[in-house]
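Worksheet: the structure to be examined is printed underneath.
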Amino acid sequence: MGPRLVYFRDMAAIDIVPHTEVHPLADGEVRLLGAVRQVTGAMTRIEMGGGTPGATGGRARRILVDCGVAQGRERMDFPEAADDVDAVVLTHGHQDHIGNIPTLLDRGYEGPIYATPATLEIAKISLEDSLGMQRMGYREIGRFLEHFKSLTRPLGYERAHDLGGLTLTFHEAGHILGSASAELATSRSRVICSGDLGRSGSPLLKDPNTTWRTDAPVDVVVMESTYGSRDHGHSHGDIEHDLEEILKDAIARKAKVLIPAFAIGRTQTLLWFLNNLVEQGRIPEIPVAIDTPMGLAITETYARFKQLFDKESLDQLAHGDDPLDFEELFRVRRGRDSQKLHDRPGPMIIIAGSGMCTGGRIIGHLREGLPSDRTTVLFVGYQAEGTPGRRIQEAARAGGSVWLDGEEVQVRARIATLKGLSAHADRGELLHWLKAIPGARRVALHHGDVEAQEAFAGWAASQLG
Ligand SMILES: [Zn+2]
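Here the sequence shown is numbered in my numbering, starting from -16 and rising by one per residue.
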């Protein structure tokens, strides 16, 4: 499919271009190195400032925005074109945006790594965890983290930072704590990389930025399109209502509620909803165990960066109610304490990694809990095909058993799925964000499967035209 030409704002044409690698600039180019025709593995190389005498003596500056790995069934080879960059910019701390940093450093990169302070903390926790899962030794991980830290340069939001020959400005992206859209500008061109965009009105986080300077057009917007083909259609109130019903049912059965959790973002959103339901008196306060060391570390990072929260959460804090902490919240750090939870009676909630049940402490809880009708397993995120999480959902429909870690386990537990907790904007929210950018000329879609990118290009064109 070719680019869709539409007119808006100042009546200049805007091209919305799906899955295309190279996008020219007056003084360089934008080149997508990853997530071109898939969701994960975000990595974009931007060359700017070429042929302009000044700080760089006319040599173009080469910036790598994000350095992610492919996840699930998606694949990518590390692109050689990433080897010669002068600087790295990270939009947020998810693995599909940072997971290839160890490889980049292995290949000799010694330049600066720019990100917001919260993103750098989350990146450190997440990289430490992923290297551990790849069975890298303790000392080697320590050496990597030292090296990584020596290259990092924390930068705040909404200030243009001079990178020598170009400026970098971070803007709120509302996706997870510290997430940012990155704006890069020279005297001759201007590029905005959306990073991952959150939903407007998400708990804890501010909405994605919609205020931009208007003194220059934007030549290329590199934009995520994960949900470019759909509307979430599930409001905040709907989520709260569904969660309330599921928990009331479990409490009446004195059941344990096992929640396979994604450590970064989703766990904290869930705590916010639980706290809110209790505060409003809609469910009684029951014990909640956070049984994921990484989830705990990230939750502590959220707590340290409270100043980034949205107004609603800051007001809550000002009134003495911490949205991420409550009386009956238990932090489970050691593996043997995790096992002790098996003997505790319900009702209680156990939040444990990993989100798709591919490993982590949730496996022990599932083995114990799935054969019992005194268990509810509550999925709070998408379960990819072939994962144990998906198999549990299927077994619940068909009746039967699943294999977990080489053991056949009967499924008698109640299986529920909470919809709408996505950390990604849907197509309407994506368009709302795009429309706020004054004088955008070209949109390079990425970070979405081919169908989602093409659907968004077509739909957005029809809305803007
Ligand atoms: Zn993300």
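Cβ coordinates follow ideal geometry from the N, Cα and C atoms, glycine included.
As the structure is a computational prediction, the values presented were derived from the model and not from experiment.
State the Cα-Cα distance for the pair H224 and R45, rounded to the nearest angstrom. One Cα belongs to H224, the other to R45, and the distance between them is close to 48 Å.
Is any heavy atom in ligand 1 found nearer than 7 Å to the beta carbon of H154? In this structure, ligand 1 has no non-hydrogen atom nearer than 7 Å to the beta-carbon of H154.
In angstroms, rounded to a whole number, what distance separates the CA positions of R171 and D214? Going by the C-alpha atoms only, they are around 37 Å apart.
Simplified DSSP state of G17, which is helix, strand or coil: For G17, the secondary structure class from DSSP, reduced to helix, strand or coil, is strand.
From K239 to A25, what does the alpha carbon distance come to, in whole angstroms? Going by the C-alpha atoms only, they are around 38 Å apart.
If we count the other Cβ atoms within 10 Å of its Cβ and call it buried at 16 or more, is M277 buried or exposed? It is buried - the Cβ of M277 has at least 16 other Cβ atoms within 10 Å.
Cα separation between T3 and G303? Each residue's Cα considered, the two are about 50 Å apart.
Using a threshold of 7 Å, is the CB atom of H158 nearer than that to any non-hydrogen atom of ligand 3? Among the ligands present in this structure, namely ligand 1, ligand 3 is not found.
Please go through the same chain and pick out, in chain order, the residues whose beta-carbon is closer than 8 Å to the beta-carbon of G318, but skip the five residues on each side of it. Cβ neighbours of G318 beyond the five flanking positions: R344.
Kindly indicate the opening and closing residues of the alpha helix (DSSP H) around R327. Per DSSP, R327 belongs to no alpha helix (DSSP H) and is neither H nor E.
Mind reading off the beta-carbon distance from R142 to T152? Whole number of angstroms is fine, and I expect it under 8 Å. Contact holds; Cβ gap of about 7 Å.
Can the beta-carbon of I334 be found closer than 8 Å to that of I242? Cβ distance < 8 Å, so I334 and I242 count as in contact.
Comparing the CB of H215 with every heavy atom of ligand 1, is any distance shorter than 7 Å? A distance criterion of 7 Å places the beta-carbon of H215 beyond contact range of ligand 1, judged by its closest non-hydrogen atom.
Taking only heavy atoms of ligand 1 into account, decide whether any of them is closer than 7 Å to the Cβ of H415. Judged by the Cβ position, H415 fails to qualify as a neighbour of ligand 1 at the 7 Å threshold, every heavy atom of the ligand being at least this far.
Exposure label - G431; buried when at least 16 CB within 10 Å: G431 should be labelled buried.
Quick check on M(-16): buried or exposed, where buried means 16 or more other Cβ atoms within 10 Å of its Cβ? At M(-16) the pLDDT is 48, less than 50, meaning the model places this residue with poor confidence; the figure from the coordinates comes in the next sentence. That one is exposed.
Span of the beta strand (DSSP E) around Q393: Boundaries of the beta strand (DSSP E) around Q393: 390 to 394.
Distance between beta carbons of V52 and N83, contact taken as under 8 Å: Confirmed, about 5 Å.
Any idea if Q393 is buried or exposed, counting beta-carbon neighbours within 10 angstroms, 16 or more meaning buried? By the neighbour-count criterion, in which a residue is buried when 16 or more other Cβ atoms sit within 10 angstroms of its Cβ, Q393 is exposed.
For D293, verify whether its CB is less than 7 Å away from any heavy atom of ligand 1. With a threshold of 7 Å, the Cβ atom of D293 does not count as near ligand 1, since no heavy atom of the ligand is closer than that.
Between H80 and ligand 1, is the CB less than 7 Å from at least one heavy atom? In this structure, ligand 1 has a non-hydrogen atom nearer than 7 Å to the beta-carbon of H80.
Tell me the DSSP secondary structure of K418 in three-state form. In this structure, K418 counts as helix in the three-state DSSP scheme.
Min CB distance I159 to chain B below 8 Å: Chain labels in this structure do not include chain B; a single protein chain is all it has.
Would M206 pass as a contact of L417 if the rule is Cβ separation under 8 Å? Contact flag set, yes.
For Y(-10), is the classification buried or exposed, using 16 other Cβ atoms within 10 angstroms of its Cβ as the cut-off for buried? With a pLDDT of only 46 at Y(-10), under 50, the local geometry of the prediction cannot be trusted, and no value is derived from it.
L353 versus W255: straight-line alpha-carbon distance, rounded: If I take the Cα positions, the gap works out to 26 Å.
Would you say the beta carbon of H75 comes nearer than 7 Å to a heavy atom of ligand 1? At least one heavy atom of ligand 1 is nearer than 7 Å to the Cβ of H75, so yes.
Expressed to the nearest angstrom, what Euclidean distance is found between the alpha-carbon atoms of R236 and G248? Computed Cα separation, rounded: 29 Å.
Run through the DSSP bridge pairs and tell me what E63 is partnered with. E63 is not bridged to any residue.
Exposed or buried, what is E93 when buried is set at 16 or more other beta-carbons lying within 10 Å of its beta-carbon? Classification of E93: exposed, given that the 10 Å Cβ count is below 16.
Between the alpha carbons of A65 and D356, how many angstroms are there, rounded? The alpha-carbon atoms of A65 and D356 are separated by roughly 52 Å.
Using a threshold of 7 Å, is the CB atom of D409 nearer than that to any non-hydrogen atom of ligand 1? Not so, every heavy atom of ligand 1 lies at least 7 Å from the Cβ.
Who are G11's beta bridge partners in DSSP? DSSP output for G11 lists L8 as bridge partner(s).
If you check the beta carbons only, do Q251 and L307 fall under 8 Å apart? A contact, by the Cβ cut-off of 8 Å.
Taking V385 and A378 to be in contact with their CB atoms under 8 Å, please state how far apart those CB atoms are, rounded to whole angstroms. About 5 Å; that satisfies the 8 Å criterion.
Confirm the yes/no value for this check: CB of D179, any heavy atom of ligand 1, distance under 7 Å. The answer is yes for D179.
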